[in-house]
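To start, the structure itself, in structure tokens.
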Amino acid sequence: MKEAPITPALGSLIETEGSILDFSKAAVTHLVNLCAQRGVLVFPNQPMTLEEQAGFAHRLGEPLRFPNNPPSIPEELIKIRSGPKTKVAAGEGWHTDVSSEPCPPGLSMLRMEEVPESGGDTLFADMRQAFNLLSQPLQALLKTLSARHEPRGHYLFLSGVAAFEDLSVSDHPIVRIHPLTQEKALFVNDGFVARINGLSHRESQALLRLLYDHVAYTPAIQTRVRWEPNTVVFWDNRIVQHHAAFDYFPAERLGYRCTIMGEEPIGEAI
0 MKEAPITPAL GSLIETEGSI LDFSKAAVTH LVNLCAQRGV LVFPNQPMTL
50 EEQAGFAHRL GEPLRFPNNP PSIPEELIKI RSGPKTKVAA GEGWHTDVSS
100 EPCPPGLSML RMEEVPESGG DTLFADMRQA FNLLSQPLQA LLKTLSARHE
150 PRGHYLFLSG VAAFEDLSVS DHPIVRIHPL TQEKALFVND GFVARINGLS
200 HRESQALLRL LYDHVAYTPA IQTRVRWEPN TVVFWDNRIV QHHAAFDYFP
250 AERLGYRCTI MGEEPIGEAI
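This is the structure:
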């Protein structure tokens with residue numbers, strides 16, 4: 000594999016001689032470790048079937064399953080489609096995938112099949128840099144706090160559970176430590192966090208807004224991926240947030256994502 004950084008701290012473009020489907024066990028382990036270091040890995044020109052993508056997901060770990068998929072789509076995959084009738088695109092807004100789970104996802108793998116002629120990029124933000132750029136007093140405060148992560152309505156159908164109340168609600172440290180690199184990263188996102196525990200509603204909303212704005216308005220921590228058909232992108236949800244730009248209406252965009260289960264987030268012992 001040949002690696003070229005997209006930005007100095009976040010994201011790498013990876014050139015391979017063949018298909019990632021042919022990776023050895025050692026190469027898959029290297030991919031996982033490299034993603035923990037670089038946050039985002041982009042592999043151009045990786046055609047594969049849905050079944051092959053689902054099979055590769057199992058080599059990365061235990062995939063989340065979505066039992067309400069039609070028979071044509073393996074349970075390990077989520078279909079992501081936007082087109083002329085789309086009002087809100089999947090993945091729009093800064094978030095990490097399904098952080099309401101007790102053990103939120105580690106890696107995500109997204110492969111695009113159809114892309115617009117222009118637009119439709121995915122933005123990524125490095126939560127390690129986001130934490131490091133905060134003042135030391137604010138860092139110290141955040142290390143002592145946890146946040147309540149709650150599922151959103153669209154996840155009810157995807158999960159296959161009978162009632163919204165059956166979905167997981169979890170408390171996670173606001174600053175988590177990556178299990179492979181031991182790096183600290185912010186772990187709050189506008190997609191799933193309801194509140195900061197122990198603060199008043201007003202305090203919680205003010206602090207969350209500060210952190211969300213910090214992510215959205217700090218270009219130095221961000222990178223951007225331009226999609227082509229059969230581009231495959233891996234990202235590490237422990238240290239990265241993403242945001243799908245819905246700037247291509249009414250063109251179509253079609254891809255399939257698999258999401259690998261992670262571990263319970265651990266913060267720094269205070």
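For the record, in the sequence shown the residue sitting at position 187 is 186 according to numbering that gives the first Met the number 0, with numbers rising by one throughout. Here a beta-carbon is modelled for each residue, glycine too, at the ideal position from N, C-alpha and C. Since the structure is predicted, the reported quantities are computational estimates derived from the model, not experimental observations.
- Item | C34 vs D189 beta-carbon contact at 7 angstroms | Here the question's residue 34 lines up with position 35 in the sequence shown. Here the question's residue 189 lines up with position 190 in the sequence shown. Not in contact: C34 and D189 (Cβ atoms no closer than 7 angstroms).
- Contact set for S145: own chain, Cβ-Cβ below 7 angstroms, skip 5 residues either direction: Position 146 of the sequence shown holds residue 145. Hits under 7 angstroms: D170, H171, P172, I173, N196.
- For D235, which of helix, strand or coil comes out of DSSP? The residue you call residue 235 lines up with position 236 of the sequence shown. Strand.
- Message: Can you list, in chain order, the residues of its chain with a C-beta nearer than 6 angstroms to that of K1? Leave out the 5 residues immediately preceding and following it.
- Response: Indexing the sequence shown from 1 puts residue 1 at position 2. Answer for K1: E14, listed in chain order.
- In chain order, each alpha helix (DSSP H) run of at least 4 residues that lies wholly inside the region 5 to 81: 24 to 37, 49 to 59
- Message: Cutting at 7 angstroms between CB atoms, please list the residues of its own chain near E51, excluding the five before and the five after it.
- Response: Here residue 51 is taken as the residue at index 52 of the sequence shown, counted from 1. Excluding sequence neighbours, E51 sits near L20.
- Can you give the beta carbon distance from I238 to M108, rounded, assuming they're within the 8 angstroms contact cut? Along the sequence shown, one-based indexing puts residue 238 at 239. Along the sequence shown, one-based indexing puts residue 108 at 109. Going by Cβ atoms, the distance from I238 to M108 rounds to 16 angstroms, so no, they are not a contact pair.
- Message: I'd like to check one pair, A129 with V214: are the Cβ atoms closer than 7 angstroms?
- Response: Locating residue 214 in the sequence shown gives position 215, where the first residue counts as 1. Locating residue 129 in the sequence shown gives position 130, where the first residue counts as 1. Yes, they are a contact pair.
- Straight-line Cα distance separating R194 from S203: Taking the first residue of the sequence shown as 1, we reach residue 203 at position 204. Taking the first residue of the sequence shown as 1, we reach residue 194 at position 195. Approximately 6 angstroms between the Cα atoms of the pair.
- Whose C-beta lies closer than 8 angstroms to the C-beta of L198 among residues of the same chain, with five residues either side of it excluded? Start at 1 with the first residue of the sequence shown, and residue 198 comes out as number 199. Counting only Cβ-Cβ distances below 8 angstroms, and skipping sequence neighbours, we find L144, L206.
- How many angstroms separate the CA atom of N44 from the CA atom of L132? For the purposes of this step, residue 44 is taken as residue 45 along the sequence shown, with counting starting at 1. For the purposes of this step, residue 132 is taken as residue 133 along the sequence shown, with counting starting at 1. Cα to Cα, N44 sits roughly 35 angstroms from L132.
- Query: Roughly how many angstroms separate the alpha carbons of S18 and L106, rounded to a whole number?
  - Reply: Looking up residue 18 in the sequence shown gives position 19. Looking up residue 106 in the sequence shown gives position 107. Each residue's Cα considered, the two are about 19 angstroms apart.
- Message: Please identify the residue among G38, R252, L12, R110 whose C-alpha is closest to the C-alpha of F287.
- Response: A query on residue 287 cannot be resolved here, the shown segment of the chain reaching from 0 to 269 and no further.
- Would T48 be called buried (16 or more neighbouring beta carbons within 10 Å of its own) or exposed? The residue given as residue 48 occupies position 49 in the sequence shown. T48 comes out exposed.
- Query: Quick one: Cα of E267 to Cα of P249, how far?
  - Reply: In the sequence shown, the residue the question calls residue 267 occupies position 268. In the sequence shown, the residue the question calls residue 249 occupies position 250. C-alpha separation (whole angstroms): 46 angstroms.
- Query: Where does the unbroken beta strand (DSSP E) through Q221 begin, and where does it stop?
  - Reply: Sequence index remark: in the sequence shown, residue 221 carries index 222 (1-based). Run containing Q221: 221 to 224, per the beta strand (DSSP E) assignment.
- Message: Please return the same chain residues whose Cβ sits closer than 6 angstroms to the Cβ of L40, not counting the five positions on each side in sequence.
- Response: As a first step, residue 40 is located in the sequence shown; it is residue number 41 there, counting from the start. Result list for L40: S11, I13, C34, F233, in chain order.
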